[in-house]
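Okay, so here's the structure we're looking at.
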Ligand SMILES: Cc1cc2nc3c(=O)[nH]c(=O)nc-3n(C[C@H](O)[C@H](O)[C@H](O)COP(=O)(O)OP(=O)(O)OC[C@H]3O[C@@H](n4cnc5c(N)ncnc54)[C@H](O)[C@@H]3O)c2cc1C
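In the working numbering, the protein residues as written are -19 to 479.
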């Protein structure tokens, strides 16, 4: 503990929440509705606050009964597109099966059950707090015979994406009487025996203060923004990944909790990482463009490295189930860079928010040779790859709204949505590995979100939620699960912490 932090707390709250993202606010709302006095301590100044939650697309995965079920949640239930929308039900068991499948069964089963079973009710609860929802037409549909078809089990998003989400959470917190302190970095926990009784916080002017708490909820994110911790836990080369979100999730709260006896849990050696504009700022996201720097329409194209070689099955599954593991595949390529290629046939299918966004690191050309030259790809390698790819396509009709079985039978294969790259002009977008968040974290009791020690015993007065918690994800992740996980366990943490 810093030497100048007073022994006695200067002030005391029933619940102190560390962090100011989606998990933190979910905990704060739950504690406040039980009458607790609540203080949120956020390291960033107000203009840089909101954590990774601010940078998100605001996509929340939940179990639901289909379009009619979700319609009641929407800010605009009369959107004319709704009558031409196919949005199948997605059950809690579907959600659990997706978690098991994409993590290779390395997900904590008890945490997963709580996550999927609480997901729908948590969204309704957030709605009651003032959060607003829309359907993710731009990201999660393809048009099929005049109908909007949702794919990948993900449909609901916060109005205004991550920026809207953080603004709505902040408004809700303030309206309910939660206090928020910005520029407040938690540097230690205070304990009485094994029980956590407060935190030590350093303000932006350097003042160090001891704040007492009936209970503390840790929601300070993962360690993806620390080069040191990335290299230590994810391995050599990860220091070169581009940070997609906040530069402030540097893992110190995670380390200090472990230093106070909290147990680690989950997969510390893998993370969520995606194909991200190669020209994006390296040490933290762009607060204006936020998630627009992502490049996620690769399932309708091909991805090659500098040598012109393909290295992943772009059509292995719907984007939602592959995108979070393909960043690391890009990191492994020469120079840590790759190129997504499309032609005049597939270009209109790309997500406009991402590929019509400016600036963008990409080129357009009338021949593949010219495109290769402009992007720095070996033209002979590319020409061989494309000839082999184009010549190997067979199967059903191309339809990006379903798993169409139209495959390129090459190595690696492209299992769905194979379309010959042959109609000029050709388009190429340079991507690097963008790290989103880390999967390793603290061990919690899924029922109470209490932080557990090495013997599996709750540390009195200590709870955690969001990406600071480990156990749910490993190697890969079903899109839209991070925000809902933060809300489900944040709500439980806040409720139990309030006593
Ligand atoms: C570009 C991008 C897009 C994404 N899109 C989606 C999506 O659409 N859907 C989805 O489910 N997930 C998405 N994610 C993942 C999602 O951001 C996370 O799952 C979620 O936001 C984590 O919430 P959190 O509250 O745990 O952490 P955060 O929102 O990161 O909040 C952690 C907070 O803790 C603060 N903090 C850190 N250290 C300290 C300290 N010492 N003292 C005080 N405060 C501290 C940080 O400043 C930060 O504000 C995306 C992530 C990124 C980067």
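Even glycine gets a Cβ: it sits at the ideal position worked out from N, Cα and C.
Taking 8 Å as the upper bound for CB-CB distance, residue 19 and residue 161 are in contact here, some 7 Å apart. The beta carbon of residue 347 is closer than 8 Å to those of 404 and 406 in its chain, skipping five residues each way along the sequence. Of the candidates 352, 319 and 78, the residue whose Cα lies closest to the Cα of residue 284 is 319.
For residue 305, the shortest C-beta to heavy atom distance toward ligand 1 is 7 Å or greater. Taking the C-beta atoms as reference points, residue 228 is found nearer than 8 Å to residue 205. A check of alpha carbon separations from residue 246 across 17, 272, 15 and 452 identifies 452 as the nearest. At the C-beta level, residue 392 and residue 290 come within 8 Å of one another. Distances taken from the Cβ of residue 199 to the heavy atoms of ligand 1 include one shorter than 7 Å. In the displayed model, residue 278 falls within a helix according to three-state DSSP. Contiguous alpha helix (DSSP H) elements confined to the stretch 305 to 338 occur at 332 to 335, taking only those with 4 or more residues. With 16 or more other CB atoms across the displayed protein chains lying within 10 angstroms of its CB, residue 168 is buried.
For residue 97, the enclosing alpha helix (DSSP H) covers residues 89 to 108. In terms of CA proximity to residue -9, 193 leads the group 59, 73 and 193. For residue 412, the closest of 449, 349, 367 and 316 by C-alpha to C-alpha distance is 316. According to the DSSP secondary-structure assignment, residue 71 is paired through a beta bridge with no residue. For residue 150, the enclosing alpha helix (DSSP H) begins and ends at 141 to 156. In this structure, the beta-carbon distance from residue 442 to residue 430 falls below 8 Å. Contact annotation: residue 76 and residue 92 have beta-carbon atoms nearer than 8 Å.
Short of 6 Å from the beta carbon of residue 257, and not among the five residues preceding or following it, lie these beta carbons of its own chain, in chain order: 273 and 341. Between residue 198 and residue 464, the C-beta spacing is not below 8 Å. Boundaries cannot be given for residue 22, as no alpha helix (DSSP H) includes it and DSSP labels it neither H nor E. If you draw a straight line from the Cα of residue 5 to the Cα of residue 467, it is about 8 Å long. For the pair of segments examined, the stretch 178 to 190 was found not to touch the stretch 213 to 232: the number of CB pairs separated by less than 8 Å stays below three.
Pairing residue 352 with residue 362, the inter-Cα distance amounts to about 7 Å.
Runs of the beta strand (DSSP E) lying entirely within the stretch 117 to 143, each at least 3 residues long, are 121 to 124, 127 to 130 and 136 to 138 in chain order.
The beta carbon of residue 300 sits no closer than 7 Å to any heavy atom of ligand 1.
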